[in-house]
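Reviewing the structure listed below.
2 protein chains.
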Amino acid sequence: MKWSELEENECPIARTLSVVGDRWTLLILRDCFLGRSRFSEFRASLGITRHVLSDRLAGLVAEGILDKTEYARGRFDYRLTDKGEALGPILRSMFDWGKAYRPLRRPVRSKG
Amino acid sequence: MKWSELEENECPIARTLSVVGDRWTLLILRDCFLGRSRFSEFRASLGITRHVLSDRLAGLVAEGILDKTEYARGRFDYRLTDKGEALGPILRSMFDWGKAYRPLRRPVRSKG
DNA sequence: CGGTATCAGTTCCTTATTGGAACCTTTACC
DNA sequence: GGTAAAGGTTCCAATAAGGAACTGATACCG
Chain C
-14 MKWSELEENE CPIARTLSVV GDRWTLLILR DCFLGRSRFS EFRASLGITR
36 HVLSDRLAGL VAEGILDKTE YARGRFDYRL TDKGEALGPI LRSMFDWGKA
86 YRPLRRPVRS KG
Chain L
-14 MKWSELEENE CPIARTLSVV GDRWTLLILR DCFLGRSRFS EFRASLGITR
36 HVLSDRLAGL VAEGILDKTE YARGRFDYRL TDKGEALGPI LRSMFDWGKA
86 YRPLRRPVRS KG
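Protein chains in written order, with our numbering: chain C, -14 to 97; chain L, -14 to 97.
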């Protein structure tokens, strides 16, 4: 199965992954849940390249997950729609799993 | 931020994505939850290339998410560990979202 | 015993996706 | 008019994924 074929897959999980299953999309959406809404904010937070960010944002807008509005000439806000907000539980469960099963062992400084 | 740097990211969501955030891993794990456990079963179900499947399974074993056991000479079972089972809520929430927000409009046959 | 088939990979080559830097256009500020 | 920032786009190099062929090891067939 090719990635693009997932969209019409029988399995709802596969269909969800066809939308948010790439390397960056869920991190962008996490930023949205944290209140970030601008191209430059995502850039600063994620270190994603402009090209890929531009592409992902356009995809999310096309999917109806983000809403793009011009808050000043040539400046845009990307905000979660209801469909986007509904992804919250996915991020929530990822948060819980990461916290429980991949704890940060923070770097010990000097003699620790 | 490069993908590999996510492992030690401050955010638990980022750390989770460093493990399951690529194109295929969550689909493989979905198959595990559905009871599939062998290389050939994953292949048949997903149409993933041998090379990538081999790589992903090895990664999941290294992460302690799957357990690999030889059930016959040269034949292996991959089964979810507790850490792997704990990913259930992520798949569950993806299932719910996909069902609600990306319903299958199944192809209408003949006159519907 | 030779021939064929399956499982679980590995290797090699091609295609697709990402990373990185430079460039572009509009607006704001001095 | 010069500089800077936002939000892109374009181009090229590096990385990842797709696809087919090839490798053992084991099993079954006659």
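All residues carry an ideal CB built from backbone N, CA and C; glycine is no exception.
The structure displayed is predicted, hence computed values, not measured ones.
Less than 6 Å between C-beta atoms, sequence neighbours within five positions excluded: which residues of the same chain meet that for residue i?
i	result
Val45/L	Looking at the sequence provided, one finds Leu at residue 45/L rather than Val. Here the set comprises Leu51.
Leu65/L	Cys17
Asp62/L	Ser22, Thr54 and Tyr56
Val5/C	Leu11
Ala(-1)/L	Leu(-9)
Classify residue i: buried if its beta carbon has 16 or more other beta carbons within 10 angstroms, exposed otherwise.
i	result
Ser3/C	buried
Pro99/C	The requested residue 99/C is not part of the displayed model; chain C covers only -14 to 97.
Ser(-11)/C	exposed
Leu19/C	exposed
Gly49/L	exposed
Ala47/C	exposed
Met79/C	buried
Gly97/L	Because the pLDDT of Gly97/L is 43, which lies under 50, any placement of that residue in the model is unreliable, and the number read from its coordinates should be weighed accordingly. Exposed is the call here.
Give every residue of the same chain whose Cβ lies closer than 7 Å to the Cβ of residue i, excluding the five residues on either side of it in the sequence, and list them in chain order.
i	result
Val37/C	Trp9
Ser30/L	Asp16 and Arg21
Within 8 Å of any Cβ in chain C, is that where the Cβ of residue i sits?
i	result
Arg87/L	yes
Asp7/L	yes
Cys(-4)/L	yes
Gly83/L	yes
Ile75/L	yes
Using a Cβ-Cβ distance cut-off of 8 Å, determine whether residue i contacts chain L.
i	result
Gly32/C	yes
Gly97/C	A caution first: Gly97/C carries a pLDDT of 43, below 50, which makes its placement in the model too unreliable to give a value.
Who pairs with residue i in a beta bridge, going by DSSP?
i	result
Thr54/L	Asp62/L
Exercise. Got a sec: which bits of the stretch 41 to 56 of chain L sit with their beta carbon under 8 Å from any beta carbon on chain C, in order along the chain?
Worked result: none
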